[in-house]
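The structure appears below as structure tokens.
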Amino acid sequence: MKRKNLDRRRFLLGGLGLGGALALGGCGRLAASRTGQNALQAGDDATQFVQRLLMTPQTLAPEFPASAISASFYANGTTDPGEADYKALAANQFADYRLKVGGLVTTPFEISLSELRALPSRTQITRHDCVEGWSAIGQWTGAPLHLLLERAGLKPEARYVLFRCFDTMDSDSLDTPRPHYYETVDLVDAYHPQTILAYDMGGAALGVPHGAPLRLRVERQLGYKMPKYLKSIEVIDSFAAVDGGKGGYWEDQGYDWYAGI
Amino acid sequence: MHAAAPSPTHLAFRHPLPIRIAHWINVTAMTILLLSGLQIFNAHPELDFGSTSSFYKHPALTIGATGESPDRGYLQVFGHRLDTTGVLGVSRSDGDVSERAFPSWITLPAEQDLATGRRWHFLFAWIFVVNGLVYLAFGLLSGQLRRRLIPTRAELRGIGASLREHLTLRFPKGEEATRYNVLQKLAYLIVVLGLLPLQILAGLAMSPGFDAVAPWLPEAFGGRQSARTAHFVIAMLLVAFVFIHLAMVLLTGPFNQLRGMITGWFTVRAEREAS
Ligand code: HEM
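Chains as they are written, first to last, in the working numbering: chain Y, 65 to 325; chain R, 30 to 304.
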């Protein structure tokens with residue numbers, strides 16, 4: 065009786081241990097498979113659905129007093145694009161820079177920095193949260209994106225706004241061409257009052273490490289949703305055909321499209 | 030045989046089905062949350078207080094590598110350094126020495142992959158939260174939560190005796206073993222209604238989307254980076270709890286305890302006489 069009990073006990077514990085080890089070892093393979101990827105994607109979909117239920121299109125990300133601004137704001141990703149077209153514009157303090165606005169709009173247009181600065185502006189002191197885990201607080205001034213979208217006039221098929229950038233992530237290895245940085249946001253975030261094309265940081269013109277001449281701010285999401293070095297804005301109905309098809313440079317590397325957490 | 034013999038060894042029904050299901054879902058979810066959480070930590074192995082990061086200037090905690098040759102890994106807490114080469118900071122994965130905060134054998138996925146780690150974490154965060162809500166709803170409606178976890182006055186008065194019994198590893202036998210004793214109740218109560226909800230709140234406080242909905246939440250923790258620190262510390266407290274929990278299962282008859290949590294039935298041994 066005693067013996068049998070012991071054997072059963074050992075069998076059960078051994079089985080549990082083995083099962084656990086197999087389960088964890090299998091996790092990697094499961095995650096790599098297609099169904100695994102889809103299942104893992106479900107978490108992000110649920111997060112987007114519930115966060116959107118909880119917030120209104122106008123709900124603002126927290127803003128901070130000037131005293132909270134970080135002394136040093138870490139510049140992540142590309143900090144000095146090596147592309148020739150960008151270098152030429154930077155050499156001239158972006159005087160020849162024109163942001164292209166097009167895609168599914170009735171009146172595509174181009175706009176210079178001085179014209180952007182002449183538009184009504186918004187200044188906000190917000191916390192920037194990187195997907196890696198760090199945060200920094202900065203002050204941003206720029207033109208609300210919705211002003212540009214209203215001027216262009218969205219066609220009924222419009223679903224997303226695509227931002228194309230000057231930089232590739234590895235500008236110093238130009239021999240192996242890498243995709244340019246790009247991002248997409250949906251119309252909820254595109255029309256959000258804090259979604260601005262920032263040209264100033266901390267009251268001075270945006271520096272090259274932080275994305276001069278223009279970077280996007282999407283304050284209710286993580287840093288990778290806020291591309292720097294903006295080249296063009298394109299209104300689209302789907303991002304399936306853009307580069308890796310996942311809606312952004314980091315999304316194509318496996319990061320979630322909705323970066324609200 | 031004693032005249033007033035206690036009931037002989039018999040089976041007693043201990044854990045209702047919803048609680049058993051919730052328990053095992055929770056085991057799975059918490060395991061995956063911990064391992065994927067450590068993967069996420071590795072992307073920025075520094076903990077700070079306040080809203081923003083100090084970028085390794087004065088971290089509350091950091092795990093790093095000296096970069097010398099040979100490379101040394103360390104854990105630094107409030108300025109005090111501990112050499113942790115081989116486990117934290119510098120460890121081997123696939124035969125190669127690599128600089129990473131937590132070693133590959135304890136992160137999900139094993140290789141450095143923040144994107145996939147986050148997907149595991151947030152999918153199982155949902156499973157964990159929904160499971161917890163179902164458990165709470167069942168516990169409240171059936172009265173199980175109160176019966177199982179809330180100590181009675183008399184139990185609270187007996188806390189000293191219970192403490193002594195535990196310290197000498199003499200655990201309740203017979204009918205008494207079919208209920209949680211006062212120390213167990215308090216431990217489970219702190220974890221179930223304290224640490225676990227706090228862990229969810231600390232997780233939500235790190236979400237820029239949720240912070241727009243509830244700006245007071247990160248503030249309640251002292252800022253987003255404080256919430257991150259709290260999230261990490263609570264995770265370690267939960268690990269400590271699980272170790273003690275498992276030690277107790279081993280000390281009080283793992284087969285019986287496991288059967289109890291799998292089938293619901295638990296063997297109650299006859300209280301032994303002086304013999
Ligand atoms: C038992 C449950 C859980 C455990 C053991 C756990 C553990 C961890 C650990 C160790 C980390 C990495 C260190 C850190 O950044 O603090 C982490 C990160 C994180 N966890 Fe959890 N977690 C749990 C539940 C949750 C839940 C329910 C949520 C969502 C509400 C959540 C949200 C997060 C977030 C957002 C991060 C990323 C923080 C960052 O950006 O660095 N966690 N978790």
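A virtual CB, placed ideally from N, CA and C, is assigned to each residue, including glycine.
Which residues in the same chain as residue i place their Cβ atom closer than 6 angstroms to its Cβ, once the five residues preceding and following it in sequence are excluded?
| i | result |
| --- | --- |
| TYR164 of chain R | ALA51 |
| GLN112 of chain Y | TYR322 |
| PHE158 of chain Y | LEU177, PRO277 |
| ALA85 of chain Y | Only weak support is given to the placement of ALA85 of chain Y: the predicted model assigns it a pLDDT of 48, under 50, and the value that follows is read from those uncertain coordinates. Contacts found: none. |
| ALA132 of chain Y | ILE201 |
| ALA58 of chain R | PHE153, ILE156, PHE157 |
| PHE167 of chain R | PRO47 |
| LEU82 of chain Y | Confidence at LEU82 of chain Y is low in this model, with a pLDDT of 45, below 50, so its placement is unreliable and the value that follows should be read with caution. No residues qualify anywhere along the chain. |
Considering residue i, what are the terminal residues of the alpha helix (DSSP H) in which it resides?
| i | result |
| --- | --- |
| HIS274 of chain R | 253-280 |
| LYS214 of chain R | 211-219 |
| SER191 of chain R | 188-196 |
| ARG288 of chain R | 283-292 |
| LEU225 of chain R | 225-234 |
Could you check whether the Cβ of residue i sits closer than 7 angstroms to any heavy atom belonging to the ligand HEM?
| i | result |
| --- | --- |
| HIS260 of chain R | yes |
| PRO52 of chain R | Note on residue identity: the sequence assigns His, not Pro, to residue 52 of chain R. HIS52 of chain R: no, Cβ never under 7 angstroms from the ligand HEM. |
| PHE309 of chain R | Lying before the first or after the last residue shown, residue 309 of chain R is absent from chain R, which here runs from 30 to 304. |
| ALA264 of chain R | yes |
| ILE21 of chain R | Here chain R comprises residues numbered 30 to 304, so residue 21 of chain R is not present and cannot be evaluated. |
| LEU117 of chain R | no |
| SER236 of chain R | yes |
| MET119 of chain Y | no |
| ILE219 of chain R | no |
| GLY197 of chain Y | yes |
| ARG257 of chain R | yes |
| ILE92 of chain R | no |
| ALA154 of chain R | yes |
| GLN141 of chain R | no |
| ARG213 of chain R | Here residue 213 of chain R turns out to be Gln, not Arg, going by the sequence shown. It does not: the Cβ of GLN213 of chain R is nowhere closer than 7 angstroms to a heavy atom of the ligand HEM. |
| GLN228 of chain R | yes |
Determine the DSSP secondary structure at residue i, reduced to helix, strand or coil.
| i | result |
| --- | --- |
| ARG215 of chain Y | helix |
| SER133 of chain R | helix |
| ILE48 of chain R | helix |
| THR95 of chain R | coil |
| MET265 of chain Y | strand |
| GLN44 of chain Y | With chain Y covering only 65 through 325, there is no way to say anything about residue 44 of chain Y. |
| GLU147 of chain Y | coil |
| GLY312 of chain Y | strand |
| ARG182 of chain R | helix |
| PRO208 of chain Y | strand |
| VAL306 of chain Y | coil |
| LYS164 of chain Y | strand |
| VAL158 of chain R | helix |
| ALA159 of chain Y | coil |
| GLN258 of chain Y | coil |
| VAL195 of chain Y | coil |
| SER134 of chain Y | coil |
| ILE69 of chain R | helix |
List the endpoints of the continuous beta strand (DSSP E) containing residue i.
| i | result |
| --- | --- |
| GLN105 of chain R | 102-106 |
| THR244 of chain Y | The displayed chain sequence assigns His, not Thr, to residue 244 of chain Y. Segment 244-250, the beta strand (DSSP E) holding HIS244 of chain Y. |
| ARG116 of chain Y | That residue, ARG116 of chain Y, is in no beta strand (DSSP E); its alpha helix (DSSP H) goes 98-118. |
| ASN207 of chain R | Asn is not the amino acid found at residue 207 of chain R; the sequence shown has Thr there. Careful: THR207 of chain R lies outside any beta strand (DSSP E) and carries neither H nor E. |
| SER122 of chain R | 118-122 |
| ALA182 of chain Y | Run containing ALA182 of chain Y: none in the beta strand (DSSP E); it sits in the alpha helix (DSSP H), 177-182. |
| ALA41 of chain R | 39-42 |
Sorted by chain position, which residues of the same chain lie with C-beta nearer than 7 angstroms to residue i's C-beta, five sequence neighbours on each side aside?
| i | result |
| --- | --- |
| VAL119 of chain R | ALA94, ASP100, ARG101, GLY102, VAL126, GLU128 |
| ILE69 of chain R | LEU143, GLY146, ARG147, HIS150 |
| ASN285 of chain R | PHE295, THR296 |
| GLN213 of chain R | none |
| ALA177 of chain R | Ala is not the amino acid found at residue 177 of chain R; the sequence shown has Arg there. Excluding residues within five positions, the ones whose Cβ falls inside 7 angstroms are TYR209. |
| PRO121 of chain Y | VAL252, TYR255, HIS256 |
| ASP236 of chain Y | Low per-residue confidence applies at ASP236 of chain Y: pLDDT is 49, beneath 50, and the placement is therefore not dependable, though the value from the model is reported in the following sentence. Closer than 7 angstroms at Cβ, skipping near neighbours: GLY146. |
| ARG67 of chain Y | At ARG67 of chain Y, the pLDDT of 40 sits below 50, so the modelled position is not reliable; the number obtained from the coordinates is stated separately. Taken in chain order, the list of residues that qualify is empty. |
Can you find a heavy atom of the ligand ATP that lies under 7 angstroms from the Cβ of residue i?
| i | result |
| --- | --- |
| PHE157 of chain R | Only the ligand HEM can be found as ligands here, which leaves the ligand ATP out of the picture. |
Cutting at 8 angstroms between CB atoms, please list the residues of its own chain near residue i, excluding the five before and the five after it.
| i | result |
| --- | --- |
| SER134 of chain Y | ALA200, ILE201, GLY202 |
**Report entry** Contacting positions in the region 71-92 of chain R - beta carbon closer than 8 angstroms to chain Y
**Finding:** ALA72, HIS73, GLU75, SER80, THR81, SER82, PHE84
Contact residues within the region 134-158 of chain R, judged by C-beta distance below 9 angstroms to chain Y: LEU137, PRO138, ALA139, GLU140, ASP142, LEU143, ALA144, THR145, ARG147, ARG148, TRP149, HIS150, PHE151, LEU152, PHE153, ALA154, TRP155, ILE156
Residues, ordered as in the chain, of the region 191-212 of chain Y that lie near chain R by beta-carbon distance below 8 angstroms
ARG191, ASP193, CYS194, VAL195, GLU196, GLY197, TRP198, SER199, ALA200, ILE201
*Mind listing which residues of the region 252-270 of chain R have their C-beta closer than 7 angstroms to chain Y's C-betas, in chain order?*
ARG253, GLN254, ARG257
Note down, in chain order, all residues in the region 218-250 of chain R with a beta-carbon under 7 angstroms from any beta-carbon belonging to chain Y.
-> SER236, PRO237, GLY238, PHE239, ASP240, ALA241, VAL242, PRO244
Just by C-beta distance, which residues in the region 116-149 of chain Y are closer than 8 angstroms to chain R?
LEU118, MET119, THR123, LEU124, ALA125, PRO126, PHE128, ALA132, SER134, SER136, TYR138
Check: For the region 283-298 of chain Y, which residues have a CB atom closer than 8 angstroms to at least one CB atom of chain R, in sequence order?
Finding: GLU283, ARG284, GLN285, LEU286
When Cβ atoms are compared, which residues of the region 309-320 of chain Y fall closer than 8 angstroms to chain R?
TRP314, GLN317, GLY318, TYR319, ASP320
Using a Cβ cut-off of 7 angstroms, which residues of the region 38-63 of chain R contact any Cβ in chain Y, in chain order?
none
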